[in-house]
Structure formats: C-alpha cells, structure tokens
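Take a look at the structure set out below.
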Amino acid sequence: GTTMSAWGAANGGPLSSGDVDAVIARLRSWSRAPRAALDERPLAGDVSAGSMIYSTRCASCHGTVGVNGTNLHIGNHDLLASASNGFLRYAIARGRPGTAMAAYQSAIGSEGVENVVALLRSWGSAPAPPPMRPPPVSPLPLGPVPLNPHGPAAEGFTPRPGTTPADKVKAELDRGARMAILDARAPQDYVNEHIAGAVSVPFYDPSRYFPNLPKDAWLVCYCACPHAESGQLATKLLGAGFTKVTVLDEGLGVWRSRKYPTRTGPTP
23 GTTMSAWGAA NGGPLSSGDV DAVIARLRSW SRAPRAALDE RPLAGDVSAG
73 SMIYSTRCAS CHGTVGVNGT NLHIGNHDLL ASASNGFLRY AIARGRPGTA
123 MAAYQSAIGS EGVENVVALL RSWGSAPAPP PMRPPPVSPL PLGPVPLNPH
173 GPAAEGFTPR PGTTPADKVK AELDRGARMA ILDARAPQDY VNEHIAGAVS
223 VPFYDPSRYF PNLPKDAWLV CYCACPHAES GQLATKLLGA GFTKVTVLDE
273 GLGVWRSRKY PTRTGPTP
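This is the structure we're talking about:
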C-alpha cells in the first residue's frame with residue numbers, strides 16, 4: 023500500500039539476502055547517534071481505551087483500521103509482525119522526525135501510548151488478509167508493444183528530461199495514438215497493479231528489453247514515487263539511442279486516483 027517495492031529475490035525483486043544486508047549496513051553507516059534504548063517490557067495496555075485514543079488522534083492519518091489512511095499503514099500485518107513493542111512505544115511517544123508523525127507522549131501520556139500499542143497488537147493478532155499473488159518470475163516477458171500499432175503518432179508529449187501529465191497521456195490513449203507505456207518498477211509491483219496496457223521494464227535491468235522496444239513510437243515511463251525509477255529508466259533508454267522518451271509526471275497514484283484504467287496480474 024506504499025511506494026516501497028519488494029526488492030528481495032524471493033518476492034520477485036533483484037536483491038539477494040546478501041544484497042539486502044549490504045543496503046542495511048549502508049543505512050546504518052549514516053547514523054550519527056547512539057541507537058535508541060527501547061522499552062521492551064511486556065505489554066499491559068487496554069485495547070478499548072486505545073481504540074478511543076486512536077479514533078480521535080490517529081484515524082485521520084492512518085485510517086480507521088490502520089490500513090486505509092493516507093499515511094503509513096500501521097495495521098499492516100507484515101509491519102506488526104516485525105516491529106517490536108518497544109519500537110511502537112518509541113514511535114508513538116516520540117514521533118518520527120522528518121515525517122508527519124508527531125510525538126504523543128505529552129498529549130496522551132505513557133498509559134495512553136501503552137493503550138494504543140495494545141490496540142495495534144490486537145490488529146496484528148486478527149486473521150491476516152489473503153496473501154498477495156505468488157511472486158512473479160523476474161523478469162516478466164515483454165508484452166505487446168506498441169499500443170495501437172496502426173494508430174496515429176502520439177502528440178504533445180514532453181521529451182525527457184521533461185515530463186508529461188497523466189491527463190495528456192490518457193487523452194492520447196483515448197485518441198488511439200501509437201505509444202508504449204513502460205512500468206519501471208519491480209515486477210511484483212507490476213503484478214499487484216499497473217496501468218492497463220503497460221509492459222514491465224524494470225529500471226534496474228532494462229537492456230534485455232531494448233531490442234524489442236520501438237524507436238519510432240513514444241515510450242512513456244512511469245513508477246509510483248513518481249519520478250525516481252521512471253527517470254532512471256528514461257535516462258537509460260536515451261543512452262541506448264531511443265529519442266521519443268517521456269516520463270509520466272504524476273505517477274501511478276494519480277493515475278489511479280483519477281480512475282484511469284489499471285490492471286492486476288502479469289499481463290498488460
């Protein structure tokens with residue numbers, strides 16, 4: 023439910039367990055302060071009291087059950103399975119600097135923090151939602167390109183390093199214009215949801231697809247962040263001699279919010 027891809031090989035991504043460990047080591051090297059001392063004592067909060075606090079202070083950002091809000095999905099079973107009570111206590115009490123998460127220690131007190139953690143734990147003990155689709159084989163085979171192979175040339179796209187608005191891309195699709203839409207994210211993200219008609223071309227390993235991509239039609243790259251992965255893919259396409267390359271400006275989230283068509287599964 024976020025822009026964070028599944029990068030591990032077991033989930034269709036490109037990283038081995040050793041690669042993941044190396045990334046974590048790199049992140050740890052940025053720390054300039056001692057690691058926080060977490061309070062890992064047994065949980066003693068009250069779920070009902072925590073629910074009252076949550077509904078008035080937390081639901082507006084995190085959603086009514088922690089998975090349908092605009093900010094971090096704190097009811098996500100994977101998060102609750104990996105985050106300790108001490109981490110949850112610390113995050114609620116002291117906030118998360120650099121994010122919208124405020125510190126609540128002074129507002130609800132230690133007892134209130136404990137009650138909210140108890141509520142979160144009750145969500146984690148509930149039956150998990152149906153599992154995601156099995157990880158796809160990575161990489162996915164390239165689907166048919168371009169879209170509308172006998173249609174007119176797409177018009178009004180801004181070449182890279184510029185971007186093209188979602189409304190313009192959708193209008194050209196509706197016009198039947200000839201183009202290809204390239205999903206730059208990891209294959210698992212593509213399987214979970216992608217723009218209808220898009221093909222999977224992961225930004226970190228796109229060269230295998232280059233021989234089968236058209237050089238006489240516009241290539242629209244997109245991701246969810248909304249420019250980081252798609253921008254890298256576009257740069258690599260330009261370096262390989264493609265000239266009609268643009269990036270979908272707002273990314274998949276805005277495309278979805280405007281109710282433009284998306285699909286799930288491994289095919290366009």
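In my numbering, the protein residues as written are 23 to 290.
Just so it is clear, CB atoms sit at the ideal spot from N, CA and C, and this is done for glycine as well.
Residue i versus residue j - alpha carbon distance
i, j, result
"Leu204", "Asp68", "49 Å"
"Ala121", "Asn170", "What sits at residue 121 in the sequence shown is Thr, not Ala. Cα-Cα distance, rounded: 43 Å."
"Asn214", "Ser132", "39 Å"
"Tyr226", "Gly184", "21 Å"
"Ala105", "Val139", "11 Å"
"Ser82", "Leu60", "27 Å"
"Thr180", "Leu241", "11 Å"
"Gly72", "Leu142", "9 Å"
"Tyr76", "Ala28", "29 Å"
"Glu194", "His99", "40 Å"
Unbroken beta strand (DSSP E) run spanning residue i, endpoints
i, result
"Tyr244", "240-244"
"Thr257", "No beta strand (DSSP E) holds Thr257; the alpha helix (DSSP H) holding it covers 250-261."
"Val191", "Segment 188-196 is the alpha helix (DSSP H) holding Val191; no beta strand (DSSP E) there."
"Val223", "First-last for Val223: undefined, no H or E at that position."
First through last residue of the alpha helix (DSSP H) which encompasses residue i
i, result
"Thr78", "69-79"
"Ile114", "107-116"
"Ala124", "Ala124 -> no alpha helix (DSSP H), and no H or E assigned at all."
"Leu89", "Here residue 89 turns out to be Val, not Leu, going by the sequence shown. No alpha helix (DSSP H) holds Val89; DSSP gives it neither H nor E."
"Val213", "209-214"
"Leu274", "273-279"
"His306", "Residue 306 falls outside the range modelled here, since the chain spans only 23 to 290, and no answer is possible."
For residue i, the residue or residues it bridges with in DSSP
i, result
"Gly30", "Leu37"
"Ala202", "Leu241"
"Leu169", "Met201"
"Leu270", "Thr186"
Residue i Cβ short of 7 Å to the ligand SAH heavy atom set
i, result
"Pro181", "Absence of the ligand SAH is noted for the structure shown, with no ligands found whatsoever."
Check: Okay, do the region 276-283 and the region 26-44 touch, 3+ Cβ pairs below 8 Å being the bar?
Finding: no
Margin query: Under 8 Å, with one C-beta from each stretch per pair, do the region 163-177 and the region 226-240 reach the 3-pair mark?
Written below: yes
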